[in-house]
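To convert, count from 1 in the sequence shown and add 41; that's the working numbering. In this text, a Cβ means the ideal position worked out from N, Cα and C, and glycines have one as well. Note sheet for the following structure.
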Amino acid sequence: MKTLTTRYLMACAAIGAATGVLLIPAYFVSFAISAAVPLAYAAIAGVWFLGPVVALAVLRRPGAAVLTMFLAGIINIASPAGPSAIITNLMVGGALELGFLITLYRIWRPWLFFLTGALFQVYYAISAYAYFNIDDMTTAAQVAFFVLLFASAAIFTQLGLIIAKRLTAAGVARGIAPAPVPAAR
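This is how it looks when you write it as structure tokens:
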């Protein structure tokens, strides 16, 4: 099976465009609240997972998350992030793709989506610690920040898997993705 068929590229473009449109208001909100209300920011941070999770779960092919998020990043240039949105989106898409790359794109179980997302959130939490001056917050606020960050990632990963399942059932991936993955035992 060729990797870069027109159908595959068009599917990535469609998912990327939808993700880009979804992320424009997310960028506006996150830029407005991140410094003043970091707990609210942590609660919405998982929205960046939606596009790459849908792309990987529907297409089950190498590069789907990266290509999808690159295209979303181009659309997100219209947000307050400007051109840096491309880098941010590529970082998220690449990070979520890593778990599947490590397994040589042979495992497509939901647990791998959640594990990969959680590992990325660990990295993100460490970088966010300095940016948000989390050590200046109360212990309860620190715990709440990290709980919200990880819960947001899990919720949006689950939402992405639900959307992907419905798109697959509707036949969106027919002729693009490999044969369906058997149900988990």
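Which residues bound the alpha helix (DSSP H) around residue 229?
Only positions 42 to 226 of the chain appear in the structure, and residue 229 is not among them; the question remains open.
Use the C-beta contact count for residue 84: other C-beta atoms within 10 angstroms, 16 or more gives buried, fewer gives exposed.
Position 43 of the sequence shown holds residue 84. Taking a 10 Å sphere around the C-beta of residue 84, we find 16 or more other C-beta atoms and assign the residue as buried.
Exposed unless 16 or more other CB atoms sit within 10 angstroms - verdict on residue 216:
Numbered from 1 along the sequence shown, position 175 holds the residue referred to as residue 216. Counting Cβ neighbours within 10 Å, residue 216 comes out exposed, since fewer than 16 surround it.
Whole-number beta carbon distance between residue 136 and residue 129, since they are thought to touch under 8 angstroms:
In the sequence shown, residue 129 corresponds to position 88, counting from 1. In the sequence shown, residue 136 corresponds to position 95, counting from 1. For a cut-off of 8 angstroms, the C-beta gap from residue 129 to residue 136 is around 11 angstroms, too long to register as a contact.
To test your reading of the DSSP string, which unbroken alpha helix (DSSP H) runs of 4 or more residues are found completely within the stretch 83-108?
If we require 4 residues or more, the alpha helix (DSSP H) runs fully inside the stretch 83-108 come out as 91-100.
Which of the three DSSP states, helix, strand or coil, is assigned to residue 124?
In the sequence shown, the residue the question calls residue 124 occupies position 83. Three-state DSSP puts residue 124 in coil, outside helix and strand.
Just verifying my parser: in three-state terms, what is the DSSP assignment at residue 219?
Against the sequence shown, residue 219 aligns to sequence position 178. Of the three classes helix, strand and coil, the one that applies to residue 219 here is coil, per DSSP.
Assuming contact is defined by CB atoms lying nearer than 9 angstroms, are residue 94 and residue 154 in contact in what I supplied?
Position 53 of the sequence shown, counted from the first residue, corresponds to residue 94. Position 113 of the sequence shown, counted from the first residue, corresponds to residue 154. For residue 94 and residue 154, yes; Cβs fall inside 9 angstroms.
Say yes only if the C-beta of residue 92 is nearer than 8 angstroms to one or more non-hydrogen atoms of the ligand ZN, and no if none qualify.
Of ligands this structure carries none, so the ligand ZN is not represented either.
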